[in-house]
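Numbering (this note's numbering), first residue to last: 114 to 313.
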């Protein structure tokens, strides 16, 4: 099956989930994520604000903020070339409706923009002295995944362009079990996700 067929099929299955099932499954996924070392030890959490039938991320954002982690959400800055930046937020109210109806932070003169090179340096320094507090986790959205971490996204290519800049980061996809397929044939530009969490 080609990617467009899989994308259409899985999106339909996901959209058919009831609000109740989305809430229950999202809670189970949240409870699993917060037990993972890559989340517990992360000081930087790069995470999208969920929309429509996606696994809910609001509770994760609130939890990360409450734990004092630095939370960054994506902002599309160049739609034509598939470029986004991650902007630090301090509360969910910092998110406004933006590109394609996504909830995004606004960029102002005071905005803190995630610098992949800065946090790579920080991570290396802290690893040398035995600390893990510089760890970065990226919560990656997607439509479908296979067990090898290959992913079908929403066709914008935003994460495939961003992830090579943060190869040191832990990448985690959150999805429902119905989004797992047998096999996805990656292109040369696709970046596999390091771990996947679903409600099963």
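The beta carbon of each residue, even a glycine, is placed where N, CA and C say it ideally should be. Since we're looking at a predicted model, the values are computed, not measured.
Query - Buried versus exposed, by CB contacts within 10 Å (16 or more), residue 284 - result: As a first step, residue 284 must be located in the chain shown, where it is residue number 171. Flag for residue 284 reads buried.
- Task: Specify, as a first and last residue, the run of the beta strand (DSSP E) that residue 132 falls within.
- Result: Position 19 of the chain shown, counted from the first residue, corresponds to residue 132. Unbroken run through residue 132 is the alpha helix (DSSP H), 132-146; no beta strand (DSSP E).
Practice prompt. Quick one: grab the DSSP three-state call for residue 159.
Written response: As a first step, residue 159 must be located in the chain shown, where it is residue number 46. In this structure, residue 159 counts as strand in the three-state DSSP scheme.
With which residues is residue 287 paired in a DSSP beta bridge?
In the chain shown, residue 287 corresponds to position 174, counting from 1. Answer is 310.
Check your understanding: With a CB to CB cut of under 8 Å and the five nearest residues on each side skipped, what residues in its chain are close to residue 290?
Key -> Against the chain shown, residue 290 aligns to sequence position 177. For residue 290, where only same-chain residues beyond five positions count, the Cβ hits under 8 Å are 311, 312, 313.
Measuring straight from C-alpha to C-alpha, what distance separates residue 119 and residue 189? For the purposes of this step, residue 119 is taken as the residue at position 6 of the chain shown. For the purposes of this step, residue 189 is taken as the residue at position 76 of the chain shown. Approximately 25 Å, taken between the alpha carbons.
Please report the distance separating the alpha-carbon of residue 228 from that of residue 201. Along the chain shown, one-based indexing puts residue 228 at 115. Along the chain shown, one-based indexing puts residue 201 at 88. If you draw a straight line from the Cα of residue 228 to the Cα of residue 201, it comes to about 11 Å.
- request: Determine whether the Cβ of residue 174 lies closer than 8 Å to any Cβ atom of chain B.
  value: Annotation note: the requested chain B is absent from the structure, which comprises a single protein chain.
Check: How many Å lie between residue 158 and residue 187 at the Cα?
Finding: Translated into the one-based positions of the chain shown, residue 158 becomes position 45. Translated into the one-based positions of the chain shown, residue 187 becomes position 74. Spanning the two alpha carbons is a distance of roughly 11 Å.
Q: Given a cut-off of 8 Å, decide if residue 276 and residue 146 are closer than it, judged by their beta-carbon atoms.
A: Indexing the chain shown from 1 puts residue 146 at position 33. Indexing the chain shown from 1 puts residue 276 at position 163. For residue 146 and residue 276, no; Cβs fall outside 8 Å.
Exercise. To which residues of the same chain is residue 225 closer than 6 Å at the C-beta, ignoring the five residues directly before and after it?
Worked result: Taking the chain shown and counting its residues from 1, one reaches residue 225 at position 112. For residue 225, where only same-chain residues beyond five positions count, the Cβ hits under 6 Å are 201.
When the Cα atoms are used, what is the spatial distance from residue 132 to residue 163?
By 1-based counting over the chain shown, the position of residue 132 is 19. By 1-based counting over the chain shown, the position of residue 163 is 50. If you take the alpha carbons of residue 132 and residue 163, they lie about 14 Å apart.
Endpoints, the beta strand (DSSP E) within which residue 218 is located
Locating residue 218 in the chain shown gives position 105, where the first residue counts as 1. Residue 218 -> beta strand (DSSP E) spans 216-218.
- prompt: In three-state DSSP terms, what is residue 253?
  reply: Within the chain shown, the letter at position 140 stands for residue 253. If DSSP states are grouped into helix, strand and coil, residue 253 belongs with the strands.
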